[in-house]
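See below for the structure under consideration.
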Amino acid sequence: QVHLVDSGGGLVQAGGSLRLSCAASGIPFSFYAMGWFRQAPGKEREFAAAITSSASTNYADSVKGRFAISRDNAKNTVILQMSSLKPEDTAVYYCYLATNSPLRVYWGQGTQVTVSS
């Protein structure tokens with residue numbers, strides 16, 4: 001059974017940094033793409049960042065240059081390093097793992113990030 005656990009959220013002032021972690025179990029982690037979505041109050045969940053099995057990365061325009069995603073296959077963990085945080089980054093951040101055969105997405109439970117102005 002695949003299980004993802006998000007952690008690392010919290011309250012930070014604008015301009016500050018946070019480091020989110022997502023630990024995966026129950027699946028051969030290194031074979032799959034992983035990433036983060038986020039959902040602000042009253043808004044739909046939106047893509048933030050992704051990393052493929054070969055460590056290629058992709059970012060939403062809104063976070064490009066401020067967020068960095070990485071993975072540690074030995075620890076079955078994906079990291080989202082967030083810097084220069086803005087109040088509009090306030091959201092619940094969800095990590096995901098995507099398989100392609102069959103096509104399926106697994107989600108973490110979410111971790112709250114709050115950026116004060």
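Per our numbering, the sequence shown starts with residue 1, numbered consecutively.
Quick reminder that beta carbons are idealized off the backbone N, C-alpha and C, glycines included.
Please read all numbers here as calculations on a predicted model, not as lab measurements.
Under 6 Å Cβ to Cβ from D89, same chain only, skipping five residues before and after it: list those, please.
By one-based count along the sequence shown, residue 89 stands at place 89. When the five nearest sequence neighbours on each side are left out, the beta carbons in the same chain lying within less than 6 Å of the beta carbon of D89 are those of V115, in order along the chain.
From A98 to S7, what does the alpha carbon distance come to, in whole angstroms?
Start at 1 with the first residue of the sequence shown, and residue 98 comes out as number 98. Start at 1 with the first residue of the sequence shown, and residue 7 comes out as number 7. Cα-Cα distance, rounded: 19 Å.
So, F67 versus A49, is the Cβ gap smaller than 8 Å?
Counted from its first residue, the sequence shown places residue 67 at position 67. Counted from its first residue, the sequence shown places residue 49 at position 49. The answer is yes: Cβ separation under 8 Å.
Residues of its chain near G123, where Cβ-Cβ distance is below 7 Å and the 5 sequence neighbours each way are ignored
Since the first and last residues shown for the chain are 1 and 117, residue 123 lies out of range.
Can you tell me where the beta strand (DSSP E) with D61 in it begins and where it stops?
On the sequence shown, position 61 is the one that residue 61 refers to. For D61, there is no enclosing beta strand (DSSP E), since its DSSP letter is neither H nor E.
Quick one: give me the first and last residue of the beta strand (DSSP E) that D6 is part of.
Position 6 of the sequence shown, counting from 1, holds the residue named residue 6. Annotation: the continuous beta strand (DSSP E) that includes D6 extends over H3 to S7.
Is there contact between the region 8-17 and the region 36-52, where contact requires at least three CB pairs shorter than 8 Å?
As far as the Cβ criterion goes, the region 8-17 does not touch the region 36-52, which means the pair count is below three.
With distances taken Cα to Cα, identify the nearest neighbour of Q112 among A60, R38, S62 and D72.
As a first step, residue 112 is located in the sequence shown; it is residue number 112 there, counting from the start. Each of A60, R38, S62 and D72 was checked against the Cα of Q112, and the nearest Cα belongs to R38.
Measure the beta-carbon distance from W36 to L18 and round it to whole angstroms, keeping in mind my assumption that it falls under 8 Å.
Taking the first residue of the sequence shown as 1, we reach residue 36 at position 36. Taking the first residue of the sequence shown as 1, we reach residue 18 at position 18. So it is not a contact: roughly 12 Å between Cβ atoms.
I believe F29 touches N100 by the beta-carbon criterion, under 8 Å. Please report the beta-carbon distance rounded to the nearest angstrom.
The residue you call residue 29 lines up with position 29 of the sequence shown. The residue you call residue 100 lines up with position 100 of the sequence shown. Rounded to whole angstroms, the Cβ separation of F29 and N100 is 15 Å, and the two are not in contact under 8 Å.
Within 10 angstroms of the Cβ of G26, are there 16 or more other Cβ atoms? Answer buried if so, exposed if not.
As a working note, residue 26 is residue 26 in the sequence shown. So G26 ends up on the exposed side.
Euclidean distance between Cα positions of V2 and G65:
Mapped onto the sequence shown, residue 2 falls at position 2. Mapped onto the sequence shown, residue 65 falls at position 65. C-alpha separation (whole angstroms): 31 Å.
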